[in-house]
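First up is the structure itself, then whatever we jot down about it.
In our numbering, the protein residues as written are 2 to 147.
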């Protein structure tokens with residue numbers, strides 16, 4: 002492109018003008034969060050996915066057997082956020098971590114409020130710390146070291 006040519010631009014606003022129902026499986030998961038419980042779905046091979054999915058990602062089999070798993074587990078990997086931005090879940094340094102709850106076969110990404118990066122390591126145990134009031138959303142809880 003020469004210096005005299007202008008780049009083609011167009012105004013665009015990213016928005017989602019629709020709502021999606023959670024469906025029967027995720028509705029149970031989020032109701033569980035409201036009730037301070039973690040629910041997963043059992044796959045045909047006996048493994049448990051948390052958060053649950055309606056279909057097995059490998060076999061496409063419909064899944065509907067919900068099971069409760071523990072509110073504590075293991076950090077599989079993590080990344081430290083030393084300077085949180087306004088839209089992030091905490092206003093102080095924290096970790097994003099892949100947490101595998103006891104009884105689950107899969108980890109999921111969530112917040113660990115460890116206080117300091119030196120307190121974080123892969124393989125460490127964490128437990129859920131629930132908000133005073135829960136409403137069935139992912140921000141109802143975060144993890145803290147045990």
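For every residue, glycine included, the Cβ atom is placed at its ideal position computed from N, Cα and C.
| said: Are the CB atoms of residue 70 and residue 49 within a distance shorter than 8 Å? | reply: yes
| request: Answer with buried or exposed for residue 53, where buried requires no fewer than 16 other C-beta atoms within 10 angstroms of its C-beta. | output: buried
| query | Among 25, 103, 96, 102, which residue has its Cα nearest to the Cα of residue 65? | reply | 25
| task | Under 6 Å Cβ to Cβ from residue 142, same chain only, skipping five residues before and after it: list those, please. | result | If we look at residue 142 and ignore the five residues flanking it on each side, its Cβ neighbours are 129, 131.
| said: Could you compute how far the alpha carbon of residue 31 sits from the alpha carbon of residue 92? | reply: 25 Å
| Are residue 51 and residue 95 closer than 8 Å when you measure CB to CB? | no
| field | Rounded separation between residue 76 and residue 21 - CA only | value | Here the alpha carbons of residue 21 and residue 76 stand approximately 31 Å from one another.
| query | Is it buried or exposed for residue 111, if we count other Cβ within 10 angstroms and need 16 for buried? | reply | buried
| field | Contact check, residue 113 vs residue 98, beta carbons under 8 Å | value | Cβ atoms of residue 113 and residue 98: closer than 8 Å.
| request: Flag this pair as yes or no: are the beta carbons of residue 136 and residue 44 separated by less than 8 Å? | output: no
| query | Secondary structure at residue 11, three-state DSSP: helix, strand or coil? | reply | coil
| request: State buried or exposed for residue 28, treating a residue as buried only when at least 16 other CB atoms are found within 10 Å of its CB. | output: exposed
| Counting along the chain, where does the alpha helix (DSSP H) carrying residue 29 start and finish? | 24 to 35
| field | Through-space distance from residue 87 to residue 73, alpha-carbon basis | value | 28 Å
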